[in-house]
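Chemist: I have a structure I would like to understand better, so I am pasting it below and will then ask my questions one at a time.
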Amino acid sequence: MFRYRYCCYFCRFRKYYNLWAFDKETICDKFVDRGVPLVQLDEKFAFYANIIEELQQLPTAFNIQCIRLNLKPLLDSICQHAQEWCTTLGEKLAAKNVKNIDKMRLEIKLEEFFKDYEANGPGSAGNDLDRGFKLMDPYGQKLMALELKRQELGKSFK
5 MFRYRYCCYF
15 CRFRKYYNLW
25 AFDKETICDK
35 FVDRGVPLVQ
45 LDEKFAFYAN
55 IIEELQQLPT
65 AFNIQCIRLN
75 LKPLLDSICQ
85 HAQEWCTTLG
95 EKLAAKNVKN
105 IDKMRLEIKL
115 EEFFKDYEAN
125 GPGSAGNDLD
135 RGFKLMDPYG
145 QKLMALELKR
155 QELGKSFK
């Protein structure tokens with residue numbers, strides 16, 4: 005009887021095994037890299053928040069006949085792992101967003117560059133070859149600067 009009550013009560017905590025069994029960094033990286041919709045990401049955050057809320061409502065002690073089990077360390081540990089999952093997922097999502105924003109900024113600058121190049125570049129000089137070469141020099145420098153920025157961004161996100 006004693007063993008049965010003990011096992012039945014602690015079986016409910018087996019469902020939280022995955023919180024500490026898997027590598028948070030790797031799984032969150034894969035999840036965010038899949039490009040899942042924000043609705044799914046919100047569901048993940050809500051899932052972990054629900055775990056924490058559920059565990060905080062449980063009693064911190066359990067009596068089995070004359071033995072009193074202190075569950076507070078177990079509950080705190082599970083809550084801590086759920087919070088770490090939220091934090092890790094949030095950090096990975098933020099890093100991906102920073103990367104996407106930088107990528108978008110670079111694309112916007114390139115679009116502006118090409119519009120300016122078409123309007124004022126060497127092609128606007130007509131048949132005057134010397135003037136065309138003079139106009140090409142600043143655009144070559146701008147292209148070089150953009151390429152260097154692109155390489156720096158690529159190195160920082162590897």
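Using this note's numbering, read the sequence shown as starting at 5 and increasing by one per residue.
Note that CB positions come from ideal geometry on N, CA and C, so glycine has one too.
1) What are the boundary residues of the alpha helix (DSSP H) that includes Leu-45?
2) Would you give the residue range spanned by the alpha helix (DSSP H) that Leu-75 belongs to?
3) Is the CB of Phe-17 under 8 Å away from at least one CB in chain C?
4) At a cut of 8 Å, does the region 54–63 reach the region 76–84 through at least three beta carbon pairs?
5) Phe-66 lies in the beta strand (DSSP E); which residues open and close that run?
6) Taking Phe-51 as the reference, give the member of Glu-116, Tyr-20, Asp-27, Ile-68 with the closest Cα.
7) Enumerate in chain order the residues of its own chain whose CB-to-CB distance from Val-36 is below 6 Å, with the five nearest sequence positions on each side excluded.
8) If you count every other CB in all the chains shown that lies within 10 Å of the CB of Thr-91, and 16 or more means buried, which is it?
9) Using a threshold of 8 Å, state whether the C-beta atoms of Cys-32 and Leu-93 are closer than that.
Modeler: Reading off the structure:
1) Taken as a continuous stretch (DSSP letters only), the alpha helix (DSSP H) holding Leu-45 covers 42–60.
2) Counting along the chain, Leu-75 falls outside any alpha helix (DSSP H), and DSSP gives it neither H nor E.
3) Of the protein chains in this structure there is only one, and it is not chain C.
4) When Cβ pairs closer than 8 Å are counted between the two stretches, the region 54–63 is seen to touch the region 76–84, the count reaching three or more.
5) Here the beta strand (DSSP E) through Phe-66 covers 65–68.
6) For the residues Glu-116, Tyr-20, Asp-27, Ile-68, the minimum Cα distance to Phe-51 belongs to Tyr-20.
7) Excluding positions up to five away in sequence, the list reads Lys-96, Leu-97, Lys-100.
8) Looking at its Cβ environment, which holds fewer than 16 other Cβ atoms inside 10 Å, Thr-91 is exposed.
9) At the C-beta level, Cys-32 and Leu-93 come within 8 Å of one another.
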